[in-house]
Every structure is written in structure tokens, then in C-alpha cells.
Amino acid sequence: MSSAARTTRAAPSPRRRRAPARTALRRQAPAVPRHYLSLTGAETVPLPWFADLARGLEQTVGQRAIMCLSGNAGVGKTFALDTVLAAKPRPARRARLARLVPRPAPTPLSLRSDLADALNLEARPKDPGVFDAALREALAARDHLLVVDEAQRLDGPCFEYLRYLFDDPHARLAIVLVVGERGQAVLRRQKMLASRTAVSLTVPRLTPTDVTEVIGRFHPLWHGTDPGALTRLDVRWCHGNFRRWAQATHHALRLLDQAPLPQGAPRPLLEDVLDTTFPPREEP
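With numbering that gives the first Met the number 0, letter number 58 in the sequence shown gets 57, and the count goes up by one each step, no holes.
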């Protein structure tokens, strides 16, 4: 090839290195919610109040309002929320989901940083005003659904910072605040929530009827179990708490696996099996 026919390739421009993604506090709802303890074989059994939760989410996102979801630890608030969100109810399916769990004793400064993580905001300006403007710009770009788990950790100044972002006239933001039962008192003290809350939903414990109808479908271990036995197990250990049922199922499976029964031998009462490692729970 003659020198006239040769072409010179331009040197590749140096690639700009991307900052590593900040994922420590960013939590997205999985496509299929994960059961507590990653319990193999567990099934998602919708409860009647799931429909109330779906309607509440639709109303909250549609009105760009705030929803308060409360209940005792372990009753299944977060799992239920993830289950409903995975079904993509209207109009929540159009909103970008952002989740955060505030660190203990948060400040508005730390909350702003956690929000930037939840929104996957790359720019972190040092100037507080510029940082706030970047957050507001991100929230105005499209619909967002912000889920704040353990929201009772927030104090007055943190709630005021959320109000500052929420009340921006250009923000396209709906918020779900998830709290334990005792966290309801924290929310009631926040006057800024009164006029902005579209829905308040309290997740109940399983009733005795729920236990006999739901737990028998929750895991193969309980398939065909006498309803009276399920009631005894609930009174003794679980007290209508789904997390306790997952724990009881996990321990029973582990113990039965460690001491497999001879073929044809009757299965021992699960009360006897669980008593060796899972002491009864006293409820206040």
C-alpha cells in the first residue's frame, strides 16, 4: 500500500473513569420478594389487606402524597409492600422506586446523602444549596416513589428536610413511611404529615382464622397439618407474627433434617421438636 493510500487512525480519546456506584444504602424491591431467612419452599400467600395496600399505593402515587404503613416488627410490612410493588399496581408502575433505611440518629445532612444514594445521584456538590438543587432537579425529572423503612428513626429536622423536598412545586414525589407500631407516636408528632398523608394503614397480626387458612399454604411442612395443631403452635410460639412462623419453620426443618425419621415412622409432634431449640415466646 502506498503512503498516499494509508489512513491514520485517530488516537482513542481517554476514557473518563466513572465513579463507583454508591449501593450501600440503595435498596430496590426485588422482582420476587425474598422470604425471611430465604426459606426454601415458602409461598407468598396474599392476605385480605393486601388489596387495601395496593389501593393505598395507587392513591398515594396518584396524588403525589404520603402514605404511613405501620405494624409490629415481623408482621410482614416490608414483604407485603415488596409483593404489591412487584405486581406493579397503577400508577406506581410509572414511578421510579427509591428506597432508603435511615442510619441511627440521622441528621438532615446524612439524610441528604442517603437520599442521593437512593436516587443514584452521581453529582455530590460540596455546596449545600447546590446539592439541594441537584436533588430537587432529580425529583422533578420523573415520578418517584420513595420508601423510607424504619422511618421512626427520623427526627423533626429530618422530617422538615423531607417536607422541603416534598413541597417543591416541581417535585414529582410520593413517599411511603414504614414504621413499627411504636413508631406511630413519632409520626403523630409530625404536624407536617397531617395535611400531606393520603393513607394510613396498620398491618395486623394474623388472626386465629388467618393462621389456620394461611400457614397451611405458607410452606409444605404445614400442608395437611391439623388446624388445631397450627393454633397450638401459634399460641405457644408465634402469636400471629409471620416472622416467628418463618423462624419456627426454619428450625423445624433443620431439626428434622438432623434427625431423619425411619421410613414409616410417625412424625413426632412439632411441639416436641421445636421445644429443643425454640423457646415459647412471652408477649407483653
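Every residue, glycine too, gets a C-beta built ideally from N, C-alpha and C. For clarity, every value in this text was computed on a predicted model and none was experimentally measured.
With residue i as the anchor, note down where its alpha helix (DSSP H) starts and where it stops.
i, result
"Gly70", "Counting along the chain, Gly70 falls outside any alpha helix (DSSP H), though it belongs to the beta strand (DSSP E) covering Ile65 to Gly70."
"Ala115", "Pro107 to Ala117"
"Gly179", "Counting along the chain, Gly179 falls outside any alpha helix (DSSP H), though it belongs to the beta strand (DSSP E) covering Leu172 to Gly179."
"Gln62", "Trp48 to Gln62"
"Cys157", "Gly155 to Phe165"
"Ala184", "Gly182 to Arg187"
Please state the DSSP three-state secondary structure of residue i.
i, result
"Thr43", "coil"
"Ala97", "strand"
"Arg33", "coil"
"Lys125", "coil"
"Val74", "coil"
"Asp209", "helix"
"Ala193", "helix"
"Ala245", "helix"
"Thr224", "coil"
"Pro219", "helix"
"Arg102", "coil"
"Leu80", "helix"
"Ala86", "coil"
"Leu229", "helix"
"His250", "helix"
"Leu120", "coil"
"Leu134", "helix"
"Arg152", "helix"
"Arg235", "helix"
"Leu255", "helix"
"Arg204", "coil"
"Arg25", "Unreliable placement is indicated for Arg25, whose pLDDT of 40 sits below 50; the coordinate value is still reported in the next sentence. Three-state DSSP puts Arg25 in coil, outside helix and strand."
Identify which residue in the options has its Cα closest to the Cα of residue i.
i, options, result
"Arg141", "Asn240, Ala133 and Ala170", "Ala170"
"Arg181", "Ala72, Ala85 and Leu161", "Ala72"
"Val100", "Phe130, Ala133 and Asp148", "Asp148"
"Ala104", "Pro156, Ala64, Ala86 and Pro88", "Pro156"
"Leu110", "Leu134, Leu200, Ala94 and Arg92", "Leu134"
"Val146", "Asp51, Leu114, Tyr160 and Pro127", "Leu114"
"Arg89", "Val213, Gly61, Arg98 and Thr230", "Gly61"
"Gly215", "Arg235, Thr196, His238 and Trp244", "Trp244"
"Asp167", "Asp131, Ala193, Thr224 and Gly179", "Asp131"
"Val202", "Leu118, Phe241, Arg253 and Ile65", "Phe241"
"Gly128", "Leu108, His143 and Ala94", "Leu108"
"Met191", "Arg204, Tyr163 and Leu205", "Tyr163"
"Ala94", "Arg123, Leu56, Arg102 and Cys67", "Leu56"
"Gly75", "Arg98, Arg54, Ala86 and Trp48", "Trp48"
In the DSSP assignment, the beta strand (DSSP E) including residue i goes from what residue to what residue?
i, result
"His143", "His143 to Val147"
"Ala197", "Thr196 to Thr201"
Quick one: is residue i buried, meaning 16 or more other Cβ sit within 10 Å of its Cβ, or exposed?
i, result
"Leu36", "exposed"
"Val249", "Looking at the sequence provided, one finds His at residue 249 rather than Val. Answer is buried; the Cβ neighbour count reaches 16."
"Ser69", "buried"
"Leu80", "buried"
"Asp116", "buried"
"Arg33", "exposed"
Are the Cβ atoms of residue i and residue j separated by less than 8 Å?
i, j, result
"Ala137", "Leu153", "no"
"Thr77", "Val177", "yes"
"Gln189", "Phe165", "no"
"Thr106", "Thr82", "no"
"Asp233", "Leu46", "no"
"Val185", "Gln151", "yes"
"Arg63", "Leu161", "no"
"Thr200", "Leu52", "Note on residue identity: the sequence assigns Leu, not Thr, to residue 200. Yes; because the gap between Cβ atoms is below 8 Å, this pair is in contact."
"Gly40", "His222", "no"
"Cys237", "Ala228", "no"
"Arg195", "Ile65", "yes"
"Thr211", "Thr230", "yes"
"Leu220", "Leu254", "no"
"Ala91", "Leu144", "yes"
"Gly239", "Arg204", "yes"
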